[in-house]
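A.B. asks: Counting from 372, one number per residue, gives the positions in the sequence shown under the numbering used here.
Submitted below is the structure of interest, expressed as structure tokens.
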Amino acid sequence: MPTLRRFAIALGALWTLPNTLLGLSLGTVGLAFGAHAHWRGRELAVVFHRWPWGPGGAITFGNVILHTGDDLDSPCVTYAHRAGHAEEAPIVLADHERAHVYQYLALGPLFLPLYLLSGGISVRNRFERAADRYASTGRGWWPWSS
Numbered sequence: 372m373p374t375l376r377r378f379a380i381a382l383g384a385l386w387t388l389p390n391t392l393l394g395l396s397l398g399t400v401g402l403a404f405g406a407h408a409h410w411r412g413r414e415l416a417v418v419f420h421r422w423p424w425g426p427g428g429a430i431t432f433g434n435v436i437l438h439t440g441d442d443l444d445s446p447c448v449t450y451a452h453r454a455g456h457a458e459e460a461p462i463v464l465a466d467h468e469r470a471h472v473y474q475y476l477a478l479g480p481l482f483l484p485l486y487l488l489s490g491g492i493s494v495r496n497r498f499e500r501a502a503d504r505y506a507s508t509g510r511g512w513w514p515w516s517s
């Protein structure tokens, strides 16, 4: 990994540290209820698998992914597909959540307010559409790109 990229990631991790601490706190509570954690370098995140709360899938807080399942590399449908807006091929959940990690690294403490103002967990949310785009193509994780 080039030095400049490492520096940018370290700076982003510091910038989003409050979000990461929230994720680590939630993940740690989940450990008492059967969750387990490990580092995933590709996602630049600590992943808590079998996190016991939520409707299924995953949620990201900074450099932490809380995942209700066992395998983050599992296929899932896009938000647009789930809402019936488009017929799209399945994506990999890890790729979708990695896009959110990148978004957090760039936006830090601004991520959560901007995410909520964009519609929360829904097909209308530009952050979710960007994460689906990234998971489908490997490009376009920034929520304001087309």
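Think of the CB as a built atom: it goes at the ideal place given N, C-alpha and C, for glycine as much as any other residue.
These numbers come from a predicted model, not from an experiment.
(1) Please state whether the Cβ-Cβ distance between A451 and V417 is less than 8 Å.
(2) Under the three-state reduction of DSSP, which class applies to I492: helix, strand or coil?
(3) When the Cα of N434 is compared with those of A384, P373, R497 and G509, which residue comes out closest?
(4) On a CA-only basis, which of G479, L478, L476 and A470 is nearest G509? Give me that one, please.
(5) Let's see if you can read the secondary structure: which residues bound the alpha helix (DSSP H) around L375?
(6) Could you pull out every unbroken alpha helix (DSSP H) segment of at least 4 residues lying fully inside the segment 404 to 492, listed in chain order?
(7) Should H438 go down as buried or exposed, given a rule of 16 or more other Cβ atoms within 10 Å for buried?
(8) Can you tell me whether DSSP reads P332 as helix, strand or coil?
(9) Under three-state DSSP, which class holds G509?
(10) Between P423, A506, D442 and P484, which has its C-alpha nearest E459's C-alpha?
(11) Just to confirm my understanding: we take A454, look at its own chain, exclude 5 residues before and 5 after, and list those with CB closer than 7 Å. What are they?
(12) What is the rounded straight-line gap between the Cα of V367 and the Cα of A502?
C.D. replies: Walking through what the data contain:
(1) no
(2) coil
(3) A384
(4) A470
(5) T374 to W386
(6) Counting only runs of at least 4 residues, the segment 404 to 492 fully encloses the following alpha helix (DSSP H) elements, listed from N- to C-terminal order: 450 to 453, 464 to 478 and 482 to 488.
(7) buried
(8) Limits of the chain in this structure are 372 at one end and 517 at the other, which puts residue 332 out of reach.
(9) coil
(10) Taking only the C-alpha atoms, the option nearest E459 is A506.
(11) V494
(12) Absent from the model: residue 367. The displayed extent of the chain is 372 to 517, so no value can be given.
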